[in-house]
Amino acid sequence: MPRPPLPPFTADTAAQKARLAEDAWNSRDPARVALAYSEDSRWRTRDEFFTGRAAIIAMLTRKWAAEHEYRLVKEIWAFGDNRIAVRFVYECHDANGQWWRCFGNEQWEFDAAGLMIRREASVNDVPIAADDRLFRWPLGARPAEHPGLSAMGL
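Heads up: the sequence shown runs through residues 134 to 287, numbered per our numbering.
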């Protein structure tokens with residue numbers, strides 16, 4: 134089933150694709166997120182390498198069991214015919230109450246149906262104090278009026 138917007142991407146459709154991904158990840162629903170990826174999607178995230186939707190769901194389930202109150206913002210870095218590069222920042226806390234701000238870059242490749250066939254992510258985690266949090270909207274999608282990364286100076 135197609136997942137618009139479809140390649141080849143324009144600045145507008147690449148930004149739309151990134152926002153749809155952000156909204157899905159902010160749902161913290163592994164099954165929902167996995168639907169944006171092909172059945173045989175290849176992933177590298179941090180130090181994990183895996184293939185397929187079942188592995189995506191398993192990784193996201195582990196991720197969100199450990200990363201509480203997760204809130205994410207994505208921003209387009211570059212795009213081409215069937216590829217998009219984004220940078221992202223998310224905040225969460227661990228089981229001990231330590232808050233983290235996590236900075237990352239992703240490279241995405243899509244098939245003609247708009248499903249992501251490849252995702253490569255690099256992420257750096259920085260401990261922060263709870264008072265230093267910047268993403269304080271209610272859990273779920275980032276509100277339209279909440280600024281993006283560049284507007285926040287991140």
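Every residue gets a Cβ at the ideal spot worked out from N, C-alpha and C, and that includes glycine.
| Asked | Found |
| --- | --- |
| How big is the Cα-Cα spacing for D264 and W232? | 9 Å |
| For W158, is the classification buried or exposed, using 16 other Cβ atoms within 10 angstroms of its Cβ as the cut-off for buried? | buried |
| Nearest by alpha-carbon distance to W270: which of L248, D227, I250 and S160 is it? | S160 |
| According to the neighbour-count rule (16 or more other Cβ atoms, all chains shown, within 10 Å of its Cβ), is V259 buried or exposed? | exposed |
| Using 8 Å for Cβ pairs, my map puts S171 next to D244. What's the rounded Cβ distance? | 6 Å |
| Does DSSP put D258 in a helix, in a strand, or in coil? | strand |
| Does the pairing of the region 162-182 with the region 235-255 give three or more beta-carbon distances under 8 Å? | yes |
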